[in-house]
Each structure stands twice: as structure tokens, then as C-alpha cells.
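Worksheet: one structure, shown below.
Protein chains in written order, with my numbering: chain A, 136 to 363; chain B, 6 to 562.
And the structure:
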């Protein structure tokens, strides 16, 4: 952060600080002197640890976002969310069926969805959260898995949901059911696992492992490259 | 959006695009010659950051004493403990477990799941939350030789050539042999891999691979895997306990020199606790947050080399800790995302690296160290880079080419994370190229293991990025996700077997800290220099000067 840049004034959990313009919320908090432990993670928008609530100048709306991906604006009021106390039901993935009965048994709250779309508006990934909850209500696991795929589990949907649904855990179940039970399986994998187990490559491995560096290098640089 | 002067250069990229597109359609990725053995050697020694003056220096303490390691690592190893052994009563055990897993990325969680399945009680201690790790952030893919035109031995050759033939052969063999089975294990847990309509795996190439064997979960591959492992850990509360916000600050040995547990420190309540374990698995990840040579990093906030420090202090040997991986394509614009990962899958899908004039200058899929060096050469020596308003230099990664090669919608479908990342800052990567430069990405070396994940310290197992030997001095794309699963599982199984076999634990001890600190003190090193640092420190100097009563202990606590 260069010293000669423009500054903006923000409130971090009620306290006023001057921070460089263009900072993300994380950068702004660090500039102010915080070394964060909670409410911080990968810093790249992939882990969902830094859910944040903020309000902008002259606006009454409280918005949600990721602190590592949201740029501060002058007059912004910021709060970091340390933890989301949502319930995570425990289940055995090997004993489930990929259908509506499983959803009913494990996530009965899904059926309380009133289609208000608050979850979708809260999602910092811009995902169609309500649509995947509606898909689950209909037992459409495949669609729910597809629409929830990019979820980073920040918890903002569940925090804002008036029906008390924990969307992100329900989405995880949908994806696990799809991956395990519904996705078509690749026949090649089974064949290859069998070959490895039966020692089909042991001879080649032993030859490679006993090669001198020079021989190995020669073999490597003359190997056939077949990229489809 | 890009400033006007960059748009001028983008226009040149657009001018050369039809010509490059035509060639791509005809020759695939083979539109620029591959480097030979000699060319690779030359460009690495001239441009790779590892070869720069001051990049490496001798470590003067511990098991690798006298060896030349990465400077920041040598410096960090020559440091004192966070604790004084005399403050601890090791007869008072706070937690007792069969298997202790330190760190909860994919390697740690995979090992926990396998150890639990094998009948062990497992305790995971982790610095931040379960799943907070580099594993979660991986984008591009996971390698496995499961296609008919491929084989584990072809995979072996790619891995060992990419690692410059330094890799430990038994580890490479384990990596590639277990790969297909690992993919199946993940799928049975519920990971969704990208597939063709007939159910076969949709596979792409990666830098330095001779076949298409990169499996992916869109461009959220790491998350696709890590989220599932975490959910499964949550589902086994009776077998796997976990403690969050509790980094390990020292390992505990017994009087026979076996690793038998650890001291953890709770980041919020500031309490220390003693864990006694029959086996200990170290899976704390890498070192990106040390910002080696001042580089920005793709790494998680918690990637501060803790495992290396802790293992080294009890006598575990390090391997290849003189080598650092810089990912060729880190973002350099906009400023908010500098250093962030732009997945190699972008190139795997057909995007080409081009210079300020829109011209190709390197084969797009060289191994990472070679590719990164070519980018650095283009910017620093040939002056064909593009300078950002904040003074950084980069080259273009021509992403719009992807949709032109494979049809509109390809980028949206395969790179939703990348589209989202740049869209947040008003750049549409479907229409405009991305400005990139190498970024600190991966710890190639680590604590030396064998194919059972054992170290030279009985009872101490290592898996994932903290381990050394699998990738030699340069890891290929998609082999770290594979490493986490293959060696995570192996560590879990072998650590559990050891616990089940009724290992005898002697008297617990932290005496090794005194011995180690004596070596450090003999070098007249300042007592304030301590490790592991646990968290990076980004508080500006003018604020620090006012934090008069705050305690900086490696990091602000």
C-alpha cells in the first residue's frame, strides 16, 4: 500500500479509521492495526471464512460480502462475522438414497422455504441459492448439486434466511449424493485400479526406478507427447 | 476495467488472435517449440528466483546443518521456541489420542478419515478452521493416469522429469500408483468430477504432462475435494475430534526419541494444552506467507511453514528446502488481487501467454519453473511486459481465445471461479486477457518421508505440502491435490497401524528445545527471534509504533 494514495474514512465495528482508497475490507482492517484470527482465511475468495456485513454511506441497507473481495468506500460501516452457529446434521453417506426422502429426513427445514430470495441476494458468489433450495424441495438432486457447486460456505445465506434453512449444508448433501450415487461412473478407472493391483506395471516401474539419471533424462525428453 | 494505455496493448493481442487461433485449431497446444534439456537449464539458472544472489544460504543449526537452503527458511530455522519447557508439567495431559493430526487441509483430513476407519481415535489440532488451507484454494485439477492412452509409468516419467530427476523414486511410484484409486475414493465420498456425457472423466493437460490426465471440479477442484472431506469429518464426531484455532507450537518427544504428541496454543484464550498421542501426523501445509524474495503469494493466510519448524526442532530431516515454486500465472492487475492464482487450467483450456505486442514467446505448457522463468525473462530482460499503474510488470494470458477455440460458454462452464474473481473488479475475462506474473505458490521440499510417510523420527508421519521428496525440485500441476490424498491416506493408515500395534510410550519430554536453542544461542541470535510465527504480519509500521503495550511474539498475539 503506497503512502501517497487517497484515503477514505470507514467505521470498523463502530470505530472510525482512515484507510487507503481501493483497499479491500481485510486490507483496511490490517491497515487499522488488526491482526485477524477469525473472519479471515484464504484471502482469495475461495474459503468463505471472511463473511462480512456492511452498510454504505447514505444507505439504510445492510449488505453481505466477503471481506477479502469487497473494496471499501468512504463512509462504509463494517462488521466481521467470526462464526456462524448453524446446525450441521450428521449422516452416513453410504446409507442414503439420492432422493427427496433423504432431504426430508436430514434437512426438513428446506421445505419451509417461502421463495423470498433473500438467500440469493445475500450470496457473495452470486449463486442462485433459492433455486437450489427449490430444486431440493422437488427432489431434484442433480440441479441442486449443479446450482450449489460454487458454494464456499460463508454462511451468509443461512444468517439472512427467515425460514431458518442452512442452505450451504443442504447444498453439500446434494453434491455428495450426486457425486456418489447419480454421476455416471467412469469404466476406465476400475480397469486401471485392477491393473495396478495385479502388478501390471511393476516391471516397468522397476526398470524406471533402476535407471541412471542420464538414461531417465534421455527417456523423458524423447517421450511421446499426446495431448488431445 | 483496464486503463487506456493497457487497452492499447490489448488491441495488439486482439490483432494477433485470429492468426494464433488458426494455428491452435490446426496444431492444438503445439504452436511454440518445447524447450530442450539445455534450454530449460539455461533459463532456470538465469531467471528463476531460486538462482538469484541471496536466494539461498547455509543453515547453521539442526539436522541439515551446513546445507544450503532457501534464505528465508534458513533464517526461520535459526530461531527460538515460543515456549519455555520449564513452564510445562508433562504429567498433566489435556488430551490423549491414538492419532494426532496437525493441520486440517485435505492431507490432514484424508489421514484422519483413514485412521478412524482403521479403528483409531483421532484428534485434529488446527491453527484456524477445519479445511482452512491451501488445499481449499486449489483450482485447476488433480492428476491420475486412468485414461486408456495413459499409464502410471507414463505419469511417473512426467513427474520425475518435471522434478528434474531429483524426486525420490519410491514416492513417485506411490503417487502415480495410488492415483486412480484415490479418484475413486473421492468419488465414493461424493466429490463431483467434470465428466463427459458417457461418464468418462473430462481430462485436460497440465504443464509438463505428456497426456491429458487432469481431472477437475470446474475451477474449484481443491474446494470440491476439501469440502467433502471436511463434511465427512463432521459426520464422524465419535471417532474424530477436532480443536480449531489451536496451532501446535512444539512437538513432544519421549525419552526414546519418539514423537508422542504436541503442545497446542489457543489463539483466542491464549491457553496451552498438552496432547499425548501414539502417532503424530504433520500436515500443516506450506510457506507462502513467508513471502520469499518479497513475492506475493497464492497461499492461505496460515501458510507460515509451521510444520517444517516443528519437525526440524525434534530432529526431522528436510529435503529440497532449497527450492521454491513460483506459479507462472499470478494476477498483477487489478491491485486488490495481486498475487492471486490464475489457474493453470486457463492454459490447459487453450489460453496463450503473449507479450505486449500480442506475440507468443514460450510453449504454454512447460513445467512451472520453466514457464515462470520465461515470463520473468520476457518482462525483465526482453522488456516486453506490460507495466501496471502501481509499477508491477506482467504479460497477457489471452483467455478469450478459449471460447474461440472451444465455443462460447466454455469459459463460463469451466472457469466460473476465475470469471467471478475478475468480474468483481469489472474485468470480463471472456472478452479481455488477464495480466499475470509469477507468484509464490508452493513449497517443493519439506520433511523427508518414505512411501509410508514415515520420517527419521519414530512416530512422526508427514503428508502433503509439508513433506519433501515426492516432487523433487519442481511440482507439476495437479500433483499436489493428488499428493494430499495419496499420502494423506498412507499417513493415516500407517500412523493408525502403529497406534494399534500397542506402541510403548516413555516419559514425555520437551528437552529437545533446550538442545536446539543452545545451537541457536551459540550463533548469538537475538532472543526475540522465534518460530513458528503462526500468522503473517501486515500491520503498517506507523500503526505498530503505536501498539506499545501489544505483544509481538513472532506475530501479534
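All C-beta atoms, glycine included, are put in the ideal place defined by N, C-alpha and C.
- The residues 280, in chain order, have a CB closer than 6 Å to that of residue 310(A) in the same chain once the five nearest residues on each side in sequence are set aside.
- Residue burial annotation: residue 8(B) is exposed, with fewer than 16 other C-beta atoms found within 10 angstroms of its C-beta.
- In terms of beta-carbon proximity, residue 284(A) lines the interface with chain B, with at least one pair separated by less than 8 Å.
- CA-to-CA, the gap between residue 264(A) and residue 307(A) works out to about 12 Å.
- Contact check for residue 363(B) against residue 17(B) passes: the beta carbons are separated by less than 8 Å.
- Around the beta carbon of residue 171(A), 16 or more other beta carbons sit within 10 angstroms, so the residue counts as buried.
- Boundaries of the beta strand (DSSP E) around residue 268(B): 264 to 270.
- The criterion of a C-beta distance shorter than 8 Å is satisfied by residue 210(A) and residue 192(A).
- DSSP places residue 354(A) inside the alpha helix (DSSP H), whose first and last residues are 348 to 356.
- Secondary-structure assignment with DSSP links residue 358(B) through a beta bridge to 402(B).
- When C-beta atoms of the segment 231 to 240 of chain B are compared with those of the segment 107 to 122 of chain B, three or more pairs fall below 8 Å, so the two segments count as touching.
- Rounded to whole angstroms, the Cβ separation of residue 59(B) and residue 41(B) is 29 Å, and the two are not in contact under 8 Å.
- Relative to residue 235(A), the option among 180(A), 313(A), 168(A) whose CA is nearest is 313(A).
- Interface criterion met: the Cβ of residue 552(B) is under 8 Å from a Cβ in chain A.
- At least one CB atom of chain B sits nearer than 8 Å to the CB of residue 182(A).
- Contact check for residue 225(B) against residue 422(B) passes: the beta carbons are separated by less than 8 Å.
- The beta strand (DSSP E) runs lying completely inside the segment 131 to 158 of chain B and spanning 3 residues or more number zero.
- For the segment 204 to 225 of chain B, the set of positions with a beta-carbon nearer than 7 Å to some beta-carbon of chain A reads 204, 205, 206, 210, 215, 216, 217, 223, 225 in chain order.
- Taking C-beta atoms as the reference points, residue 279(B) and residue 268(B) count as a pair closer than 8 Å.
- Annotation for residue 355(B): 29, 406, 407, 410, 411 place their beta carbon closer than 7 Å to its own, counting only its chain and skipping 5 residues before and after.
- From the beta-carbon of residue 154(B), the residues of chain A found nearer than 9 Å are 361, 363.
- Residue 554(B) counts as exposed, since fewer than 16 other C-beta atoms from the protein chains shown sit within 10 angstroms of its C-beta.
- Contact fails between the segment 460 to 467 of chain B and the segment 430 to 449 of chain B, because fewer than three Cβ pairs, one in each stretch, are under 8 Å apart.
- DSSP assignment within the segment 258 to 330 of chain B yields the following whole alpha helix (DSSP H) runs of 4 residues or more, N-terminal first: 311 to 318.
- Here residue 110(B) is not near residue 487(B), since their CB atoms are 8 Å or more apart.
- Note that the C-beta distance between residue 534(B) and residue 85(B) is below 8 Å.
- Under DSSP, residue 392(B) shares a beta bridge with 398(B).
- Close to chain B, meaning a Cβ-Cβ distance shorter than 9 Å, are the following residues of the segment 163 to 180 of chain A: 165, 166, 167, 168, 169, 170, 171, 172, 173, 175, 176, 177, 178, 179, 180.
- Not a single C-beta of chain B is nearer than 8 Å to the C-beta of residue 301(A).
- Any Cβ of chain B closer than 8 Å to the Cβ of residue 321(A) would place that residue at the interface, and such an atom is present.
- The C-alpha of residue 122(B) is placed about 39 Å away from the C-alpha of residue 297(B).
- Residue state for residue 141(A) is assigned as coil, using DSSP reduced to three classes.
- Contact annotation: the segment 508 to 516 of chain B touches the segment 85 to 104 of chain B, with at least three C-beta pairs closer than 8 Å.
- Non-local C-beta neighbours of residue 361(B) in its own chain, meaning closer than 6 Å and more than five positions away in sequence, comprise 14, 389, 391, ordered along the chain.
- Under DSSP, residue 445(B) takes part in a beta bridge, and its partners are 302(B), 331(B).
- Beta-carbon to beta-carbon, residue 299(A) and residue 244(A) are separated by about 6 Å, close enough to satisfy the 8 Å threshold.
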